[in-house]
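Numbering (my numbering), first residue to last: 3 to 279.
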């Protein structure tokens, strides 16, 4: 056994015993004795990583690749050292460089998959963290009108976390929760603002019956630069079941007409009918 291999074997024994500092010294001696063997350098890299010395480990891993690019562990430990240094994009690049030379290498494939998942998770956390400090103003606007010609416009502002608005674009349930949060606190104020007449009674029977509830049909425009929830017209109705059905039918017609008239870049939530319990 030559001098370099003897140092490497002694380093392996020290590494197996958990003595990474001693292993680093022995592997370093092996590299000094024969710096053209990539295995000695990746062993030294591994010991340095275990000793929490990733910057030095990266130098040895890069040297191993330079000495022998056909040694897959050089690419593996380069990626691992970059990861320990918190440089995930460079770690992924090192993996991909190794896989170009060593297709289907299990260790490199496994690390590449794990690193991509870490990067995706980190990017998601960064987006959520940025959105969490971004509190946006959401406008809620509505115009209540009845069949007798009475009408009144209402406008309110609510503060909603930016991350919720971002999620609401693709999550219908979140959009619905936000719509309820901005609309329902003003329900009684809008209902009691005037002596609204029941649309169902007026239109079906010509009666002037006082409305006891409102059917709301808000539309979500939370994706816009100025996020908003707009109601085309809360529908006043009395407690009669037939009038409630009539008011709901009117709401559906309004929603259908508005949806047909929307620009192609508008996003609207599904039908949402809200009324007093």
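Idealized CB from N, CA, C, for every residue including glycine.
| Item | Value |
| --- | --- |
| Cβ of residue 26 within 8 Å of Cβ of residue 50? | yes |
| What do you reckon, are the CB atoms on residue 220 and residue 167 nearer than 8 Å? | no |
| Based on the DSSP output, what are the partners of residue 161 in its beta bridges? | 139 |
| Closer than 7 Å: is that where the CB of residue 16 sits relative to any heavy atom of the ligand SAM? | The ligand SAM is absent from the structure shown, which contains no ligands of any kind. |
| Alpha carbon to alpha carbon, how far is residue 99 from residue 71? | 10 Å |
| Anyone know if the C-beta pair for residue 96 and residue 84 falls short of 8 Å? | yes |
| If you draw a straight line from the alpha carbon of residue 232 to that of residue 121, how long is it in whole angstroms? | 38 Å |
| What is the rounded straight-line gap between the Cα of residue 301 and the Cα of residue 12? | For residue 301 there is no data in the structure shown, the boundaries of the chain being 3 and 279. |
| From residue 38 to residue 69, what does the alpha carbon distance come to, in whole angstroms? | 6 Å |
| Cα separation between residue 109 and residue 224? | 45 Å |
| Would you verify that the beta carbon of residue 22 is, or is not, closer than 8 Å to some beta carbon of chain B? | Absence of chain B from the displayed structure is noted, only one protein chain being present. |
| Output yes or no for whether 8 Å exceeds the beta carbon distance between residue 163 and residue 137. | yes |
| Between which two residues does the alpha helix (DSSP H) harbouring residue 215 extend? | From DSSP, residue 215 is part of no alpha helix (DSSP H) but of the beta strand (DSSP E) over 215-217. |
| What does the alpha-carbon distance come out to for the pair residue 185 and residue 194? | 15 Å |
| With DSSP as the reference, label residue 222 as helix, strand or coil. | strand |
| Under a Cβ-count criterion, where at least 16 other Cβ atoms within 10 Å of its own Cβ denotes burial, should residue 40 be classed as buried or exposed? | buried |
| In chain order, what residues of the same chain have a beta carbon less than 8 Å from the beta carbon of residue 180, not counting five sequence neighbours either side? | 140, 162, 166, 167, 170, 222, 224 and 231 |
| Beta strand (DSSP E) containing residue 232: first to last residue? | 230-233 |
| Nearest-angstrom Cα distance between residue 241 and residue 216? | 10 Å |
| My output table needs one value for residue 267: the three-state DSSP class, helix, strand or coil. | Residue placement at residue 267 is poorly supported in this model, since its pLDDT is 37, which falls under 50; the coordinates are not used for a value here. |
| Please classify residue 55 as buried or exposed, where buried requires at least 16 other C-beta atoms within 10 Å of its C-beta. | buried |
| Keeping to the same chain, check which residues put their C-beta closer than 8 Å to that of residue 30; ignore five residues upstream and five downstream. | 46 |
| Out of curiosity, what's the CA-to-CA distance linking residue 63 and residue 91? | 17 Å |
| Given a cut-off of 8 Å, decide if residue 117 and residue 94 are closer than it, judged by their beta-carbon atoms. | yes |
| Am I right that residue 28 and residue 9 are in contact with their C-beta atoms under 8 Å? What's the rounded C-beta distance? | 5 Å |
| DSSP state of residue 87, grouped into three classes? | coil |
| Pull up the DSSP beta-bridge partners for residue 156, would you. | 144 |
| From this set, 15, 20, 19 and 80, which residue's C-alpha is nearest residue 43's C-alpha? | 80 |
| Give the secondary structure of residue 74 by DSSP, where H, G and I count as helix, E and B as strand, and everything else as coil. | helix |
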